Amino acid sequence: LEGPRGVAYDDGTAGSSNNPYGQLPRFNNYNDISLTQWYDGDSDYTNTLNSYAIVYAFGAYLARNYGGAELFHEIVSNNKTDYTAVETALASLGTSVDFATLLTRWGAAVLLSDEVNATQGYRYNQGEFFSSIYNGITYEYGSINLYQYYPSPWLYGSTYSWDGTYATAQRQSNVYYHAGSNLTGSQSFQITLQPGYRLSVVVK
Numbered sequence: 162l163e164g165p166r167g168v169a170y171d172d173g174t175a176g177s178s179n180n181p182y183g184q185l186p187r188f189n190n191y192n193d194i195s196l197t198q199w200y201d202g203d204s205d206y207t208n209t210l211n212s213y214a215i216v217y218a219f220g221a222y223l224a225r226n227y228g229g230a231e232l233f234h235e236i237v238s239n240n241k242t243d244y245t246a247v248e249t250a251l252a253s254l255g256t257s258v259d260f261a262t263l264l265t266r267w268g269a270a271v272l273l274s275d276e277v278n279a280t281q282g283y284r285y286n287q288g289e290f291f292s293s294i295y296n297g298i299t300y301e302y303g304s305i306n307l308y309q310y311y312p313s314p315w316l317y318g319s320t321y322s323w324d325g326t327y328a329t330a331q332r333q334s335n336v337y338y339h340a341g342s343n344l345t346g347s348q349s350f351q352i353t354l355q356p357g358y359r360l361s362v363v364v365k
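Under the working numbering, the first residue of the sequence shown carries the number 162, and numbering increases by one thereafter.
(1) Since Y308 and F291 should fall inside the 8 Å C-beta cutoff, what is the C-beta to C-beta distance between them, to a whole number of angstroms?
(2) Counting C-beta neighbours from all protein chains within 10 Å, is the total for E384 16 or more, i.e. buried, or is it exposed?
(3) Between the alpha carbons of G318 and I236, how many angstroms are there, rounded?
(4) Confirm the yes/no value for this check: CB of W199, any heavy atom of the ligand SAH, distance under 7 Å.
(5) Counting along the chain, where does the beta strand (DSSP E) carrying S292 start and finish?
(6) Give me the Cα-Cα distance between N335 and D171, rounded to the nearest whole angstrom.
(7) Tell me which same chain residues have a C-beta within less than 7 Å of the C-beta of G256, skipping the five on either side of it?
(8) Can you check DSSP and say which residues form a bridge with G202?
(9) Pick out whichever of A221, N208, A330 and D259 has its Cα sitting closest to the Cα of D193.
Structure, rendered in C-alpha cells:
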C-alpha cells in the first residue's frame with residue numbers, strides 16, 4: 162500500500178506524475194482551508210476528509226524540516242492542546258518560531274515542492290528519503306512534489322479569480338495566488354492586505 166503520501170514505502174523519490182493516491186491530491190484541491198479548524202460538514206469544502214488531508218500535509222512538512230519523529234514526540238508529550246503545542250515542541254528542540262511564521266514558511270514550501278534544493282524550513286523534496294534518528298531508531302520520509310499529484314496545487318489567479326468576492330481567507334490558512342509565468346522586464350503589482358494578513362512572494 163502507498164500510505165498517505167501515495168508513493169510506495171520503499172521509494173524515497175516524489176513518485177510519478179499525475180498521482181491520484183494518498184492524502185495530497187485532496188490537500189491540493191482544498192489547500193486554502195484553515196489548518197486549525199476541524200471540518201465535519203456535508204459539502205465538498207467542509208468535508209472531514211479535507212481536514213485529514215491538510216493536517217497530513219502540514220505534518221509531512223514538519224517532519225521534513227524540523228526533526229521528524231523527535232518533534233512529533235515533543236508535540237504529543239507537552240501539555241499544550243492547540244497550535245502552541247507545535248511552538249513548544251520546536252522550542253524544546255532549539256527552534257524558536259511562532260506559528261504564523263511557520264504557516265508562512267509552509268506555504269512557500271508548497272510552492273517550492275518541485276525544487277530539490279530548497280533551504281531548511283522550506284523543504285518538501287530532496288529527490289530521496291529524508292531521515293531522522295530518535296532513540297536509536299532511524300525514521301525515513303519520502304520526498305514530496307505536490308505538482309506530481311492530480312489535481313496539482315490549487316492556485317488562484319491561474320485557475321480562479323480571488324479578490325475577496327469569491328473567497329475569504331480563513332484564520333490560520335494560506336491562499337495561493339499565481340501572479341504570472343514567463344515574465345520579463347519590470348513588473349508592478351498593487352496588493353492591499355487587511356490587518357492580520359501576511360504576504361509572501363515566491364519567485365521561481
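Beta carbons: idealized from backbone N, C-alpha and C, even for Gly.
The model shown is predicted, which means the values in this text are computed figures rather than measured ones.
Result, derived from the coordinates:
(1) Mapped onto the sequence shown, residue 308 falls at position 147. Mapped onto the sequence shown, residue 291 falls at position 130. Not really, about 18 Å apart at Cβ, beyond 8 Å.
(2) In the structure displayed, the chain extends from 162 to 365; residue 384 sits before or after that span and is not available.
(3) Taking the first residue of the sequence shown as position 1, residue 318 is located at position 157. Taking the first residue of the sequence shown as position 1, residue 236 is located at position 75. The straight-line gap from Cα to Cα measures roughly 36 Å.
(4) Looking for the ligand SAH in the displayed structure turns up nothing, as the structure carries no ligands at all.
(5) Mapped onto the sequence shown, residue 292 falls at position 131. Taken as a continuous stretch (DSSP letters only), the beta strand (DSSP E) holding S292 covers F291 to Y295.
(6) The count along the sequence shown starts at 1 and reaches residue 335 at position 174. The count along the sequence shown starts at 1 and reaches residue 171 at position 10. Each residue's alpha carbon lies about 31 Å from the other.
(7) Position 95 of the sequence shown, counting from 1, holds the residue named residue 256. According to the sequence provided, residue 256 is Thr. The question's Gly does not apply to it. Within the same chain, T256 has close Cβ partners Y227.
(8) Translated into positions along the sequence shown, residue 202 becomes position 41. DSSP, once it has assigned bridges, lists N208 as partnering G202.
(9) As a first step, residue 193 is located in the sequence shown; it is residue number 32 there, counting from the start. With distances taken between Cα atoms, D193 lies closest to A330.
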